[in-house]
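Below is one structure, written out as structure tokens, with a few remarks after it.
Numbering (the numbering used here), first residue to last: 30 to 254.
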């Protein structure tokens, strides 16, 4: 069974806006671009740029090729945009419509948390079969995932765990009106990601809008670890 893909989900899922920006950059380029060139142009980490470029390839919106070169050295992997151009989109309106609808459904909390978990399991960088992921490595992988989808995270060690400061909410405008739905999805996203890599820690809480531009996720040892 394969996980959900960007192509068959609503356009307002976390990270879609950033991925659209990467696609726009490819469309505007007059030649194929490497991961390093995309990362530099958009001020992204190399892993974040590669995450979005590979996602575009999986969705059929970009093509991955290997550079042909006549001189010694490892050839670069290059990316070119494919398919029709993207015009204006009302992602914020769609997000508000969907979250407004979800908030009227029964058992909204557990359902939205499970939705977040499914995406967390899909998006996290998985461990090799023989690899053991300790707490530090788990937080590192979670940090990379959250950065890739637009949260601008910043982990802070505490006496009993880690507080992850989320300095930018991809759904901020919608979250302000539908905090229960959006934050339940985001908490589930982190929980599912950590479960997928069998981490000894889990996300136990998400405190929204500690300040107007800051939410804080609490990462603590998993029961029985």
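All residues carry an ideal CB built from backbone N, CA and C; glycine is no exception. Remember, predicted model here, so these are calculated numbers, not experimental data.
Nearest-angstrom Cβ-Cβ length linking residue 205 and residue 194, presumed shorter than 8 Å: About 18 Å; that fails the 8 Å criterion.
Whole-angstrom distance between residue 85 and residue 34, CA atom to CA atom: Summary for residue 34: the model assigns pLDDT 41, below 50, so the residue's position carries little reliability, and this model does not support an answer.
Assigned secondary structure, residue 226 (DSSP; H/G/I helix, E/B strand, else coil): coil
Inter-stretch contact (C-beta, 8 Å, three-pair minimum) for the segment 216 to 229 and the segment 143 to 150: yes
Beta-bridge pairing of residue 191 - partner residues as DSSP gives them: 186, 248
Top-ranked residue by Cα proximity to residue 147, from 251, 213, 128, 241: 213
Classification of residue 225 by the beta-carbon crowding that lies within 10 angstroms, buried from 16 upward: buried
Inter-stretch contact at 8 Å, needing at least 3 Cβ pairs: the segment 235 to 243 / the segment 154 to 172: no
Best match in 109, 104, 203 for proximity to residue 58 [C-alpha to C-alpha]: 109
Presumed contact (8 Å Cβ cut-off) between residue 199 and residue 46, rounded CB distance: 7 Å
Endpoints, the alpha helix (DSSP H) within which residue 103 is located: No alpha helix (DSSP H) contains residue 103, which DSSP labels as neither H nor E.
Spatial neighbours of residue 74 in its chain, beta-carbon cut-off 7 Å, leaving aside the 5 residues before and after: 68, 176
Integer Cβ distance of residue 252 from residue 167, believed to fall under 8 Å: No, residue 252 and residue 167 are not in contact; Cβ-Cβ is about 15 Å, not under 8 Å.
For residue 233, three-class secondary structure by DSSP: strand
Which of helix, strand or coil DSSP assigns to residue 126: helix
Rounded straight-line distance, which links the Cα of residue 134 to that of residue 181: 31 Å
Cut-off 7 Å between Cβ atoms - residues of its own chain near residue 70, not counting five sequence neighbours on either side: 54
Nearest-angstrom Cα separation, counted from residue 233 out to residue 61: 43 Å
CA-to-CA distance, residue 165 to residue 106, given in whole angstroms: 31 Å
Three-way DSSP call (helix, strand, coil) for residue 162 in this model: coil
Residue 129 classed as buried or exposed, judged by whether at least 16 other C-beta atoms fall within 10 angstroms: exposed
Simplified DSSP assignment, three categories, for residue 92: strand
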